[in-house]
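For the sequence shown, the working numbering begins at 10 and goes up steadily by one.
Structure first, commentary second.
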Amino acid sequence: MVGDTTLSRGRRHGGVAREILGTVETYLDCDRRIDDTAAALYLHRNTVRNRLTRFAELTGLDLDRTDDLVVAWWLLHREQPPPR
């Protein structure tokens, strides 16, 4: 799976890739609201949009498509321990 490979690579390499993944995770936690994501990360909303675009370019996952959204959420959360 393309997204899986790219997410794994991003986690290992840090830097910009980690920022992009963190932005996507926060975006999903904020129910895909750009302004809420920007406020949570102390970023300009255009920075959030740019990172989401870059995520789509790197992974081939379009967060506006339900199937891709579910895949992205699952890939970002699969390594986290379940809530207690």
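Backbone N, C-alpha and C fix where the C-beta goes; we use that ideal spot for every residue, glycine too.
* Asked: Assuming residue 72 and residue 61 make a contact with CB atoms under 8 Å, what is their CB distance in whole Å?
  -> Here residue 72 refers to the residue found at position 63 when the sequence shown is read from its first residue. Here residue 61 refers to the residue found at position 52 when the sequence shown is read from its first residue. Indeed, because the Cβ distance is near 6 Å, the residues count as touching under 8 Å.
*Please name the residue in 31, 25 and 24 whose C-alpha comes closest to that of residue 86.*
Indexing the sequence shown from 1 puts residue 86 at position 77. In terms of Cα proximity to residue 86, the closest of 31, 25 and 24 is 31.
*For residue 74, does the three-state DSSP call read helix, strand or coil?*
The residue labelled residue 74 in the question sits at position 65 within the sequence shown. Coil.
ask   = Could you give the distance in angstroms between the alpha-carbon of residue 144 and the alpha-carbon of residue 41?
value = No statement about residue 144 is possible, as the shown extent of the chain runs from 10 to 93 and does not include it.
Subject >> First through last residue of the alpha helix (DSSP H) which encompasses residue 67 >> reply: The residue given as residue 67 occupies position 58 in the sequence shown. For residue 67, the enclosing alpha helix (DSSP H) begins and ends at 54 to 68.
Which same chain residues end up closer than 6 Å to residue 65 when comparing Cβ atoms and leaving out the 5 residues on each side of it in sequence? Locating residue 65 in the sequence shown gives position 56, where the first residue counts as 1. So the qualifying residues of the chain are 71.
### Query
DSSP three-state call for residue 86: helix, strand or coil?
Taking the first residue of the sequence shown as 1, we reach residue 86 at position 77. Correct three-state label for residue 86: helix.
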